Amino acid sequence: MAHLERLMVPLAALVLLLWAVPGAHGRRSNVRVLTDENWTSLLEGEWMIEFYAPWCPACQNLQPEWESFAEWGEDLEVKVAKVDVTEQTGLSGRFIITALPSIYHCKDGEFRRYLGPRTKKDFINFVSDKEWKNIEPISSWFGPSSVLMTAMSALFQLSVYIRTSHSYFVHDLGIPAWGSYLIFAFATVLSGLLLGLCMIFVADCLCPSKRRKPQQQCTKKTSPEFSQPLKKVEEEQEADEEDVSEEEAEDREGASKDPSQSSIRQRCVGPSSTTDKS
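If you want our numbering, it's the position in the sequence shown, counting the first as 1, plus 7.
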């Protein structure tokens, strides 16, 4: 009997523990979980978002306050959410999270960074008293839905993919670290060449180069409208050349017939030039 009584005590404690644990874990949390797939729901309504990491001590200390604040979300008409930056790297890239925990307030697509005290009371006052109006919203250029932040999100996801690929090459395949670096270097050069070829192809399609066409003046036939004026011009040129040749011929004949007159003229010119020099 004594032996049975000793066994009943641990069994009762075990039953109580099993009964209490499901009640504690079965408690429904009012904090919503945001991912890279459903983050667009932030663009409608009022939100309070926390960016955290499981290994961050400050984030772990904030969790009880954040859970308590989420219980007031329905009364305040605000949705309380959280984002795990270790799993949702693309979403953390959209907000460029550099410190943990980071808290943002969103109202109809306008995002503001919360920098106040991190207690349930301060969170409630921030929403109920509309203290967020005193904070300047983030520019649309740096908003999570902008083209710039979308590209930043892709870069964050690419960095995570490269890191996981490197660990796969080194740990799973047994490739040395320098071999993994060579693979990434070759992939980078190859992707750069392909991107350059694509850019040249697109530029050639949009702005094609002007090619000089060979002149085909000889092969082209003159139209009948311009043929007659051209013939007239050629005939006039031939007539002028004939007149000039006739005049030259007459001058030559006159010079051959009167050689005495030309000599007399030369003699007359000769002494006068000497007298002028004296």
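We put the beta carbon where it would ideally sit given N, CA and C, even for glycine.
For clarity, every value in this text was computed on a predicted model and none was experimentally measured.
Within the same chain, N37 come within 7 Å of E78 by CB-CB distance, once the 5 residues on both sides are set aside. Across the set I104, S160, G80, S187, the C-alpha of S160 shows the shortest separation from the C-alpha of E44.
Bridge partners of K89 according to DSSP: V40, E57. It is roughly 17 Å from the alpha-carbon of G150 to the alpha-carbon of K140. Following the DSSP letters along the chain, one finds H173 inside the alpha helix (DSSP H) bounded by residues 154 to 174. A straight line joining the alpha-carbon of T42 with that of E57 spans about 12 Å.
Contact between I103 and R119 does not hold, since the beta-carbon distance rounds to 15 Å and is not under 8 Å. Taking a cut-off of 8 Å on C-beta distances, the stretch 96 to 110 touches the stretch 154 to 174, as three or more cross pairs fall below it. Bridge pairing for I110: E57, Y121 [DSSP]. Between the alpha carbons of P71 and C113 lies a distance of about 22 Å.
With a threshold of 16 other beta carbon atoms within 10 Å, V87 meets it and is buried. Distance from the Cα of A65 is smallest, within the candidate group Y121, L201, L197, S109, for S109. Going by C-alpha positions, N68 is about 10 Å away from R125.
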